[in-house]
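Taking my numbering, the leading residue of the sequence shown gets 226, the next gets one more, and so forth. Glycine included, every Cβ here is placed at the ideal spot set by N, Cα and C. Written below as structure tokens is the structure these notes are about.
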Amino acid sequence: MMQPSKVYFTDFRCRVGVTQQMKLEKLLLAAGFDQIDFAGKFVAIKLHFGELGNLAFLRPNYAKTVADMVKERGGLPFLTDCNTLYVGSRKNALEHMDTAYINGYSLFSTGCHVIIADGLKGSDDVEVPVEGGVYVKNAKIGRALMDADIVISLSHFKGHENTGFGGALKNLGMGGGSRAGKMEMHSAGKPTVNQDACIGCGACAKVCAHGAPILVDKKCAIDHCKCVGCGRCIAVCPRDAVDPQYDESFEKLNCKIAEYTKAVVDGRPSFHISIVRDISPNCDCHMENDAPIVPDVGMFASFDPVALDLACVEAVNRQPLMANCAVTDIGGEHDPDHMHGAHPDTCWQSAIKHGVRIGLGSDQYELVTIK
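What follows is the structure, given as structure tokens:
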């Protein structure tokens, strides 16, 4: 029988003279951070910079602690994420980096550079085979993320309207996918064009390598027989008229995320950190954040992203529900699973089960508390 994975935990209590950053460093060392050979290695610290207007994303202080620890051991860290599929403040590298800087993620505040992993328009990716993949044979991962020698996921744990919650798997799998990768995970079909918004400029036709967008009567339509789902047309449309079709089932979406996560971490060292605070019901991709659904819990770390996510969600479910939150708004206060109570149509367990099935990690863990 396989040994349970170890997940390390510390709470947010900080007596006089002890900071959260000091506690985070102690947690990472206890969890085996020093087992990784960082000397001379490029280290991707994969996180979410937060959408403009959202205030639930992680403070850059956590990233600085991780980056400093990497540099002290001879590593070359950089902060990274991939562009979004939806239209927001992070849909191309320039806007994405502006957002990161506005939200506090600069060289001066964190001690390392920001690199958008899938390039200017979200099309700079690498096809990575998924060993044991059921839904994805070749994941499309941001090139800079794949160029790194070591991957560290630094996740803000929160609820999510499609996946139930967002943790290490969501951060690495969905977050590591290029625009074409995100399309593959979210969509069972191909993009379509909102004819009312289309101005017939032809930008989509110019960027498509397969001749899928066709101008008819000064409006664009997409030939799905030719479309390969790369998502470039979404990036270049000046009127945001191209719809990526978020039509994949939530269960299959979670399974695809697990497979993309495996593509990111396979074949190189990886380490995973989740900060469980400001546990908003929705993703940090929203331009707003709702009130937390439970009190802050603490910080978790592990070499196993599956066990880490499971430990975090079970810790959240042990907390009392906050009054006047999104869960109580929809009558989910009697559901012992707070993630499900916030989003009854989701099934977060599918990501855990599939992660175990494909050998990404374990659903058996030992929780080790660090004071």
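Own chain residues within Cβ distance below 6 Å of residue i, not counting five before or after
i      : result
His385 : Gly391 and Cys508
Val351 : Ile366, Arg368 and Met371
Ser380 : Gly392, Ala393, Asn396 and Ser499
Leu253 : Ala526
Asn479 : Thr388, Ser575 and Ala576
Cys550 : Ala516 and Ile518
Val255 : Looking at the sequence provided, one finds Ala at residue 255 rather than Val. For Ala255, where only same-chain residues beyond five positions count, the Cβ hits under 6 Å are Tyr233 and Ile595.
Phe237 : Asp521 and Gly523
Val353 : Ala364, Ile366 and Ala488
Gly313 : Glu276
Asp465 : Val312
Extent of the continuous alpha helix (DSSP H) run through residue i
i      : result
Ser334 : Leu332 to Thr335
Tyr233 : Where Tyr233 is concerned, there is no enclosing alpha helix (DSSP H), although the beta strand (DSSP E) it sits in stretches over Ser230 to Thr235.
Thr594 : Careful: Thr594 lies outside any alpha helix (DSSP H), inside the beta strand (DSSP E) at Tyr590 to Thr594.
Asp323 : Ala318 to Ile327
Ser575 : Gln574 to Arg582
Lys346 : First-last for Lys346: undefined, no H or E at that position.
Val538 : Pro530 to Asn542
His559 : Element bounds for His559: n/a, residue is neither H nor E.
Thr486 : Phe475 to Val490
Strand pairing of residue i, partner residues [DSSP]
i      : result
Gly392 : Beta-bridge pairing links Gly392 to no other residue.
Tyr360 : DSSP, once it has assigned bridges, lists no residue as partnering Tyr360.
Glu352 : Lys365
Val312 : Answer by DSSP bridge pairing: none, since Val312 is not bridged.
Val418 : Val467
Phe303 : Ala269
Ile375 : Val268
Val339 : Leu304
Ser380 : Ser499
Residue i classed as buried or exposed, judged by whether at least 16 other C-beta atoms fall within 10 angstroms
i      : result
Lys395 : buried
Arg502 : buried
Leu319 : exposed
His273 : buried
Met408 : buried
Asp306 : buried
Thr244 : exposed
Met512 : exposed
Cys450 : exposed
Ile327 : exposed
Own chain partners of residue i with C-beta closer than 8 Å, once the 5 adjacent residues on each side are dropped
i      : result
Ile439 : Ala430, Cys445, Ala446, Ile447 and Asp448
His338 : Phe303, Leu304 and Leu332
Ile583 : Val355, Glu356, Gly357, Gly358, Val359, Ala483, Glu484 and Lys487
Ser412 : Gly454, Pro469, Gln470, Tyr471, Asp472 and Glu473
Endpoints, beta strand (DSSP E) assigned at residue i
i      : result
Phe525 : Gly523 to Ser527
Ile439 : Pro438 to Val441
Cys445 : Lys444 to Ile447
Phe496 : Ser495 to Val501
Lys383 : Lys383 to His385
Same chain, Cβ closer than 7 Å to residue i, five either side skipped, listed in chain order
i      : result
Leu535 : Ile577, Asp588 and Tyr590
Asn286 : Gln246
Tyr360 : Lys477, Cys480, Lys481 and Glu484
Asp554 : none
Cβ-heavy atom distance, residue i to the ligand COA, below 7 Å
i      : result
Thr305 : Looking at this structure, you won't find the ligand COA or any other ligand, since it has none at all.
Stretch-stretch touch, CB-based, cutoff 8 Å, three pairs: the stretch 337 to 344 with the stretch 429 to 444: no
Contact the stretch 242 to 251 vs the stretch 468 to 486: 3+ CB pairs below 8 Å: no
The stretch 402 to 418 in contact with the stretch 287 to 295 per 3-pair CB rule at 8 Å: no
Inter-stretch contact (C-beta, 8 Å, three-pair minimum) for the stretch 413 to 429 and the stretch 352 to 367: no
Any 3 or more C-beta pairs closer than 8 Å across the stretch 515 to 526 and the stretch 465 to 485: no
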